[in-house]
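> For the sequence shown, position 396 matches number 692 in the working numbering, and the numbering has no gaps at all.
Ideal placement from N, C-alpha and C gives every residue a C-beta, glycine not left out.
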Amino acid sequence: MDKISKYDVVIIGGGTSGCACAYNSSKLGLKTLLVEKNNFLGGLMTGGLVVPVMKSSVEDINCNYYKALVEKAKKYHAQITYKDKNDGWFNPECLKIVLDDLLTDYDIKNNLDILFETIPIKIQKKDNLIQSVIFNSNILSIPIEASYFVDATGSGEFSIMCGCEILNDSELKQQNSLRFILDNVNIDKFKVFLDELNDSEDITNTYRHDIDTNNELHFTTASTWDNNREWKLDKFLKKAVDEGILFDSDRAYFQIFSVAGSKTSVAFNCPRINNYKDNPYMSSLELIEARKAIWRLYNFVKKYFKGFRDSHISNIATQTGIREQNRIKTKYIYKKDDILTQKTFNNPVLKANYSIDIHSAQKDKSILQKTASYELPIESLMSFDVDNLYVIGKPLGADFYAQSALRVQKSCMSMGEAVAKYIRNII
Ligand SMILES: Cc1cc2nc3c(=O)[nH]c(=O)nc-3n(C[C@H](O)[C@H](O)[C@H](O)COP(=O)(O)OP(=O)(O)OC[C@H]3O[C@@H](n4cnc5c(N)ncnc54)[C@H](O)[C@@H]3O)c2cc1C
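1) Taking Ser466 as the reference, which of Ser669, Lys717, Cys315, Lys631 has the closest Cα?
2) Do the CB positions of Leu677 and Met711 come within less than 8 Å of each other?
3) For Ala586, which three-state DSSP category applies?
4) Where does Ser710 sit, in a helix, a strand or coil, going by DSSP?
5) What would DSSP say about Ala563, mapped onto helix, strand or coil?
6) Is Asp530 close to chain D, meaning its C-beta is less than 8 Å from at least one C-beta of that chain?
7) Using the Cα positions of Leu724 and Phe532, report the straight-line distance between them to the nearest angstrom.
8) For Asp695, tell me which candidate among Ala589, Tyr628, Val446, Pro348 has the shortest Cα-Cα distance.
9) In or out: Tyr361 buried (at least 16 other Cβ within 10 Å) or exposed?
10) When burial is assigned at 16 or more other CB atoms within 10 Å of the CB, is Ile624 buried or exposed?
11) Below 8 Å CB to CB, which residues in the same chain sit around Ala364 once its five sequence neighbours on both sides are set aside?
12) Which residue wins for smallest C-alpha separation from Phe476, given the options Asn611, Val715, Ile719?
13) Do the region 433-441 and the region 335-346 meet, that is, are 3 or more Cβ pairs less than 8 Å apart?
14) Which residue's Cα is closest to the Cα of Asp634: Gly603, Ser607, Pro673, His608?
15) Is it the case that the Cβ atoms of His514 and Ser473 are separated by a distance below 8 Å?
16) Drop a sphere of 10 angstroms on the beta-carbon of Gly540, count the other beta-carbons inside from all chains shown, and report buried for 16 or more, exposed for fewer.
17) Rounded to the nearest angstrom, what separates Asp495 and Asn482 at their Cα positions?
18) Residues in the same chain with beta-carbon distance under 6 Å from Cys708, minus the five sequence neighbours each way, listed in chain order, please.
19) Any heavy atom of ligand 1 closer than 7 Å to the CB of Asn334?
20) Rounded to whole angstroms, what is the Cα-Cα separation between Ser561 and Asp606?
21) Could you say if the region 501-511 and the region 644-654 meet the contact criterion of at least three C-beta pairs nearer than 8 Å?
22) Report back the beta-carbon spacing between Pro644 and Gly452 to the nearest angstrom; my notes put them in contact at under 8 Å.
23) Are there 16 or more other CB atoms within 10 angstroms of the CB of Ala668, so buried, or fewer, so exposed?
24) Where does the unbroken alpha helix (DSSP H) through Lys371 begin, and where does it stop?
25) With H, G and I counted as helix, E and B as strand and the rest as coil, what does DSSP make of Leu725?
26) Between Tyr303 and Thr328, which are expected to be in contact by the criterion C-beta below 8 Å, what is the C-beta distance as a whole number of angstroms?
27) Pick helix, strand or coil for Pro691, following the three-state DSSP scheme.
28) Pick from Leu581, Tyr600, Lys717, Thr517: whose alpha carbon is nearest that of Lys534?
29) Hey, how far is the Cα of Val366 from the Cα of Leu411?
30) In or out: Asn571 buried (at least 16 other Cβ within 10 Å) or exposed?
31) What does the alpha-carbon distance come out to for the pair Tyr549 and Ala701?
32) How should Ser352 be labelled, buried or exposed, when 16 other C-beta atoms within 10 angstroms of its C-beta is the threshold for buried?
33) Out of Val347, Tyr444, Lys421, Ile308, which one is the CA nearest neighbour of Arg720?
34) Any heavy atom of ligand 1 closer than 7 Å to the CB of Pro348?
35) Determine the closest residue to Val349 out of Val715, Asp447, Lys706, with distance taken between C-alpha atoms.
36) Are Leu593 and Ile357 close, meaning C-beta to C-beta below 8 Å?
Structure, rendered in structure tokens:
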């Protein structure tokens, strides 16, 4: 196939932010192509098993896609609204089907093409503009021209291919995680165990609402080795370390949630693993370590927690949980101070209040700093080096601390939506 196809917008990466961009771009009448390297959409929301969406937006700016996603997921029993009114509790596996349905809805499908299992391999640039990109789909090369390109790869990979500068402003790194799910858990029994813990409500809580949750029992609980609060589960983790079932590092971050649309599944936001972002050999070894840790954690909960005795490992994330990798230089580099001083901007992409959230490798060095409402300008999504390129999601142009707040899913979706609307206005 060597005939050049032409689009208004090409989005590389069909994950959290890319799907939001593609949905809005095609709905606004722009001829859009969404290119995804996996054989499904959703990125970290599906392949990474990252649930639930953190509550973050304080005003509904650029939340049309998020609302449409919630409504569509309801039809598949793939969503619940938790008792804190967070309606972003999704089922990560079923979300793959939900996203297919949402992005092939009758009012957008005429404007949107999707290419799965496809990656960009060659970029043709003239001055500061991308002219065309060759994509590779197995053995086929597909040349594409477009007016605008959007990097939604989560890693900034496409921008780096285009020669964009990476921000190099911090020695700090976020820890990665490899999430997994256990099935066949007796959550009713586990609730009895949680009730006996008598933990604080902001760490451990449960919820059953017949209408919302199809009579499923839902919960969230956690324990970390950072000492800023009393973690009631930690005594079990410590005992398991003494008995050689867990390693001390397994105590670093232990967090589990029930899963929407399931009466028996429990999702783990752990184990944490080291982030060797510049060393693919070490990163690969870390994945092997992560799966060993999953096995330890599985044996731990089976032995120590009521309700887990007959459980089994049903899913291990196919996408590594990388919180921060590369951030790309944009026209405005958004800073931690912009969050803390609540700086306002002419065209805010979002208004959010999710915390500055650093998962550190060192004990007592993680940060979860509460913030008031902050805004993000569209200029932090405009590539500095390439005039027809936007960067959305995790690799946005922000400093290390600001990125840790803006990376949550709802904010990433608003970034995708804002860029689509911005391009619609200038095209
Ligand atoms: C362990 C972990 C836990 C988290 N917990 C939460 C949480 O509880 N709640 C919350 O709201 N947020 C959470 N987050 C943050 C949030 O999930 C992510 O920051 C967000 O989903 C990132 O969205 P994105 O669009 O940037 O990337 P992704 O969702 O990762 O999408 C990137 C997409 O691009 C595709 N891609 C990559 N390279 C290419 C290529 N070359 N060609 C084509 N396609 C490509 C990928 O396959 C993927 O589909 C967590 C993150 C991690 C890592």
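The structure says:
1) Numbered from its first residue, the sequence shown carries residue 466 at position 170. Minimum Cα distance to Ser466 is reached at Lys631.
2) Translated into positions along the sequence shown, residue 677 becomes position 381. Translated into positions along the sequence shown, residue 711 becomes position 415. Yes, they are a contact pair.
3) For the purposes of this step, residue 586 is taken as the residue at position 290 of the sequence shown. Ala586: helix per DSSP, three-state reduction.
4) Looking up residue 710 in the sequence shown gives position 414. Note: Ser710 maps to helix in three-state DSSP.
5) Along the sequence shown, one-based indexing puts residue 563 at 267. Here Ala563 sits in strand by DSSP.
6) The displayed structure is made up of one protein chain only, and chain D is not part of it.
7) Nothing about residue 724 can be reported from this structure: the residues present for the chain run from 297 to 723 only.
8) By one-based count along the sequence shown, residue 695 stands at place 399. The shortest Cα separation from Asp695 among Ala589, Tyr628, Val446, Pro348 belongs to Tyr628.
9) Locating residue 361 in the sequence shown gives position 65, where the first residue counts as 1. Tyr361 counts as buried, since no fewer than 16 other beta carbons sit within 10 angstroms of its beta carbon.
10) Residue numbering aside, residue 624 sits at position 328 when the sequence shown is read from its first letter. Classification for Ile624: buried.
11) To locate residue 364, count along the sequence shown from 1; it is residue 68. For Ala364, where only same-chain residues beyond five positions count, the Cβ hits under 8 Å are Tyr319, Leu398.
12) Within the sequence shown, residue 476 is the residue found at index 180, counting from 1. Nearest Cα to Phe476 within the set Asn611, Val715, Ile719: Asn611.
13) Short answer: they don't touch.
14) Here residue 634 is taken as the residue at index 338 of the sequence shown, counted from 1. Cα-wise, what sits closest to Asp634 is Pro673.
15) Reading the sequence shown from its first residue, position 218 is the one you call residue 514. Reading the sequence shown from its first residue, position 177 is the one you call residue 473. In this structure, Ser473 does not lie closer than 8 Å to His514 by Cβ.
16) On the sequence shown, residue 540 is found 244 positions in, with the first residue counted as 1. Counting Cβ neighbours within 10 Å, Gly540 comes out exposed, since fewer than 16 surround it.
17) The residue labelled residue 495 in the question sits at position 199 within the sequence shown. The residue labelled residue 482 in the question sits at position 186 within the sequence shown. Computed Cα separation, rounded: 20 Å.
18) Taking the sequence shown and counting its residues from 1, the one referred to as residue 708 is at position 412. Answer for Cys708: Thr312, Ser313, Gly689, listed in chain order.
19) Position 38 of the sequence shown, counted from the start, is the residue given in the question as residue 334. At least one heavy atom of ligand 1 is found less than 7 Å from the C-beta of Asn334.
20) As a first step, residue 561 is located in the sequence shown; it is residue number 265 there, counting from the start. As a first step, residue 606 is located in the sequence shown; it is residue number 310 there, counting from the start. Using only the alpha carbons, I get a separation of about 12 Å.
21) Short answer: they don't touch.
22) Taking the sequence shown and counting its residues from 1, one reaches residue 644 at position 348. Taking the sequence shown and counting its residues from 1, one reaches residue 452 at position 156. About 23 Å separates the beta carbon of Pro644 from that of Gly452, a gap too long to meet the 8 Å contact definition.
23) Taking the first residue of the sequence shown as position 1, residue 668 is located at position 372. Result: exposed.
24) What you label residue 371 is simply residue 75 of the sequence shown in a count that begins at 1. Looking at the DSSP string, the run of the alpha helix (DSSP H) that includes Lys371 is 360-371.
25) Here the chain covers residues 297 to 723 and nothing more, so residue 725 does not appear.
26) The residue you call residue 303 lines up with position 7 of the sequence shown. The residue you call residue 328 lines up with position 32 of the sequence shown. At roughly 6 Å, the Cβ-Cβ gap stays under 8 Å, so Tyr303 and Thr328 are in contact.
27) Residue numbering aside, residue 691 sits at position 395 when the sequence shown is read from its first letter. Of the three classes helix, strand and coil, the one that applies to Pro691 here is coil, per DSSP.
28) Position 238 of the sequence shown, counted from the first residue, corresponds to residue 534. When each option's Cα is compared against that of Lys534, the closest is Tyr600.
29) In the sequence shown, residue 366 corresponds to position 70, counting from 1. In the sequence shown, residue 411 corresponds to position 115, counting from 1. When rounded, the distance between both Cα atoms is 24 Å.
30) Within the sequence shown, numbered from 1, the residue matching residue 571 stands at position 275. By the Cβ-count criterion, Asn571 is buried, with 16 or more other Cβ atoms from all chains shown falling within 10 Å of its own Cβ.
31) Walking along the sequence shown from the start, residue 549 turns up at place 253. Walking along the sequence shown from the start, residue 701 turns up at place 405. CA-CA distance, Tyr549 to Ala701, rounds to 18 Å.
32) By one-based count along the sequence shown, residue 352 stands at place 56. Result: buried.
33) Stepping through the sequence shown from its first residue, residue 720 is reached at position 424. When only C-alpha atoms are compared, the closest one is Tyr444.
34) Residue mapping note: residue 348 aligns to position 52 of the sequence shown, counting from 1. Distances taken from the Cβ of Pro348 to the heavy atoms of ligand 1 include one shorter than 7 Å.
35) Translated into positions along the sequence shown, residue 349 becomes position 53. Measuring from the Cα of Val349, the nearest candidate turns out to be Lys706.
36) Looking up residue 593 in the sequence shown gives position 297. Looking up residue 357 in the sequence shown gives position 61. Contact: no.
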